[in-house]
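**Q** Could you have a look at this structure, given as structure tokens, before my questions?
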Amino acid sequence: MTLKLYFAPGACSFVPHALLESTGEPFEPEMVKIHKGENYNEEYKALNPRSQVPVLVDDGEAITQIVAIVSHLDRRFPHCNFLPREPLAHSRAMETLAWMNNTVHPTFTHVFMPQKFVGGEQAQAEVKAFNAQLYGQMLGELESIVRKAASDGSAYLGGGHFGPLDAYSLTLLRWGGFAGHDPQGYPALWQHVQKVAALPAVARAMARERLQLNVYKGSAAAA
Ligand SMILES: N[C@@H](CCC(=O)N[C@@H](CS)C(=O)NCC(=O)O)C(=O)O
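All the letters of the sequence shown, read from the start, carry residue numbers 94 to 316 under our numbering.
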């Protein structure tokens, strides 16, 4: 079995990257420089015609989309318990994972790459400002999710084991810094993310991507 992950530093590909590190199994990390447009070259487009990271290649089969990759890794490495086994807890975890991936994540994309959604500098500035404010509300929702997990006695967002919700929370709160939101404004989330970043496997993924946890430089920085 060979596993290869195409990732970009600081991107959403951090989620499978951290999970793969925590399996303890060998995998090949392949960096894609999206800031240099490498995801649009012909070779990469042959791998993923949508030109996005992450891509997980498992024994020659390319799998895209975080939700699908997470599900694949969960089945591939059942002993890691990336997702809860109990049916309702599993559905709750998938509910939150889907929300992170289909709502919170694209809201940040509107902040980071407004040019993907609208033309013209002024319209782009408006899209960016509107979504940066919306993103802050979503981090507030994530703060409530973290508080609820803690009050339920769960060490991690999916229950007793580190998993995709924890890795995604780290990524989303980091991105919040780029959107002008101080991570310390979300105390439970910030505390949780710091705990997750200290896990040896997560720390290894962060070191490979050279990630700084707190990228907040003031609210004006997002403007
Ligand atoms: N729904 C996709 C989202 C993937 C995505 O948005 N990837 C971003 C990085 S966070 C990307 O590759 N962007 C490059 C581009 O669009 O040019 C997934 O779950 O994999």
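Idealized CB from N, CA, C, for every residue including glycine.
1) Decide if Tyr228 is buried, meaning its Cβ has at least 16 other Cβ atoms within 10 Å, or exposed.
2) Please give the ranges of any alpha helix (DSSP H) in the segment 208 to 262, keeping only runs that are unbroken, at least 4 residues long and fully inside the region.
3) Below 8 Å, how does it come out for the segment 266 to 273 and the segment 181 to 192: are there three or more Cβ pairs, yes or no?
4) Within 10 angstroms of the Cβ of Glu114, are there 16 or more other Cβ atoms? Answer buried if so, exposed if not.
5) Report yes or no: do three or more beta-carbon pairs, one from the segment 224 to 239 and one from the segment 189 to 204, lie closer than 8 Å?
6) Within the present structure, is the beta-carbon of Asn134 separated from the nearest heavy atom of ligand 1 by less than 7 Å?
7) Measuring from the CB of Ala260, is there a heavy atom of ligand 1 at a distance below 7 Å?
8) What residue range does the beta strand (DSSP E) around Thr157 cover?
9) Take Gln277 and list the residues in its own chain whose beta-carbon comes closer than 6 Å to its own, dropping the five residues that flank it on each side.
10) Examine ligand 1 and report whether any of its heavy atoms sits within less than 7 Å of the Cβ of Thr196.
11) Which same chain residues end up closer than 7 Å to Ala298 when comparing Cβ atoms and leaving out the 5 residues on each side of it in sequence?
12) From which residue to which residue does the beta strand (DSSP E) around Pro122 run?
13) Using CA coordinates, which residue listed in Cys105, Arg169 and Phe201 is at the minimum distance from Val223?
14) Could you check what DSSP says for Leu112 in three-state terms: helix, strand or coil?
15) Could you tell me whether the segment 116 to 127 touches the segment 96 to 104, using the rule of 3 or more Cβ pairs below 8 Å?
16) Who does Lys97 pair with in a DSSP beta bridge?
17) Does the Cβ of Gln230 lie closer than 7 Å to at least one heavy atom of ligand 1?
18) Taking 6 Å as the limit between beta carbons, can you name the residues of its chain near Val146, skipping five residues before and five after?
19) Looking only at its own chain, which residues have a Cβ that is under 7 Å from the Cβ of Tyr137, when we skip the five neighbours before and after it?
20) Determine the closest residue to Val289 out of Tyr309, Gly153 and Gly251, with distance taken between C-alpha atoms.
21) Does the distance between the C-beta of Thr157 and the nearest non-hydrogen atom of ligand 1 fall short of 7 Å?
22) Run the proximity test for Val146: is its beta-carbon closer than 7 Å to any non-hydrogen atom belonging to ligand 1?
**A** Judging by the given coordinates:
1) Note on Tyr228: 16 or more other CB atoms within 10 angstroms of its CB, so buried under the neighbour-count rule.
2) 214 to 244
3) Segments in contact, no.
4) buried
5) yes
6) no
7) no
8) Glu154 to Thr157
9) Trp283
10) no
11) Phe107, His110, Ala111 and Glu114
12) Glu121 to Met124
13) Reading off the sequence, residue 223 comes out as Phe, not Val. In terms of Cα proximity to Phe223, the closest of Cys105, Arg169 and Phe201 is Phe201.
14) helix
15) yes
16) Glu121 and Val150
17) no
18) Tyr99, Phe100, Ala101, Ala104, Ser106 and Val125
19) Val125, Glu131 and Ser144
20) Gly251
21) yes
22) yes
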